[in-house]
Structure formats: C-alpha cells, structure tokens
C-alpha cells in the first residue's frame, strides 16, 4: 500500500463517513450501541427477531460495516487513514463475534461478515503495535456497557 493515501482513497473515505451520518443509519447505530449485547445466537434472535425493527437496525449496522470493510480489504481504502478514523467497525465485530459461527451455520452462509472479521483482525494487530493495551481496554469498556445495559433492562 502507498505510504500516503491517494486523493481517490480520501474521497471514498469521506463518502463512507458521510453515509454514517444518514439519519436512519444513525438511529440504527445508536440502537446497536445501546441494546445489542448477545453472547449466544438465541440471545441475538431475542434482541433482534427476524422481521422486527431491531433486526432491521442490526442488519443496517453490520451490512454498512461489512461493505466499508470490503472496500478496505480490496485495497480501495488506505490502511492508516481507515484505521485512524474508524474504530466503530471493530466495536461492531466484537459485539457479533460471540454469535458469528453459529449464525453462519444457522443461515448457511460461511461468508457472513467475513470482510468485517478480516478487517477487525487486521486492525487488532495494527492498533496494538501503535497503542499496546488499547484492545484490552476497549473490551473492558464493552463488558461494562453490557453490564449496565443488563441492569437497566
């Protein structure tokens, strides 16, 4: 990858950011951040049952990040620029990771969120070289959020 991002990569990065600002996607992201804490596929299905608005929100969030990460994985986005300005995709991956294997089996799609997974694994290595301990701190914060959400429910 080129040392500096190209103008085209920067433009695509801005388009991806602009899409995150769309009102319905912001609503879905807010829902996901506050409510999606599933450790099993059964919990995931209770939190976001098929056909529900919660399911729509779930799919909006994960499909948005799957697409952005596909652009990244195919070299359309600059690594440092993408990782320096986007951490939310990793957060999303961490939330779906406990249920992903069972979900892939249940819905017969071994590629479901594979771009998100690949980018998240790459990000984990990238950020730990630059900021050791960041991933552990982020995971701890997510555990605290899940605990707070369970108490509020």
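Numbering (my numbering), first residue to last: 18 to 170.
From the three backbone atoms N, C-alpha and C, an ideal C-beta is built for every residue, glycine too.
Check                                                                                                                   : Outcome
Three or more C-beta pairs below 8 Å linking the segment 127–137 and the segment 62–77                                  : no
Assigned exposure category for residue 21 - 16 Cβ within 10 Å defines buried                                            : exposed
Close-in-space but distant-in-sequence residues of the same chain around residue 107 (CB under 6 Å, 5 per side omitted) : 137, 140
Segments assigned alpha helix (DSSP H), at least 4 residues, entirely inside the segment 21–45                          : 24–37
Closest Cα partner of residue 147 within the set 128, 157, 100, 91                                                      : 100
Neighbour-count burial assignment, residue 53, 16 or more Cβ in a 10 Å radius                                           : buried
Rounded Cβ spacing between residue 182 and residue 30 (contact assumed at less than 8 Å)                                : This structure gives no information on residue 182, because the portion of the chain shown stretches from 18 to 170.
Whole-Å CB distance - residue 49 paired with residue 89, under 8 Å assumed                                              : Contact flag wrong, Cβ pair sits at about 20 Å.
Nearest residue (CA-CA) to residue 46, options 160, 82, 168, 117                                                        : 82
C-beta atoms of residue 116 and residue 57 nearer than 9 Å                                                              : yes
As assigned by DSSP and simplified to three states, the class of residue 53                                             : coil
Candidates 26, 151, 71, of which the one nearest residue 51 by Cα                                                       : 71
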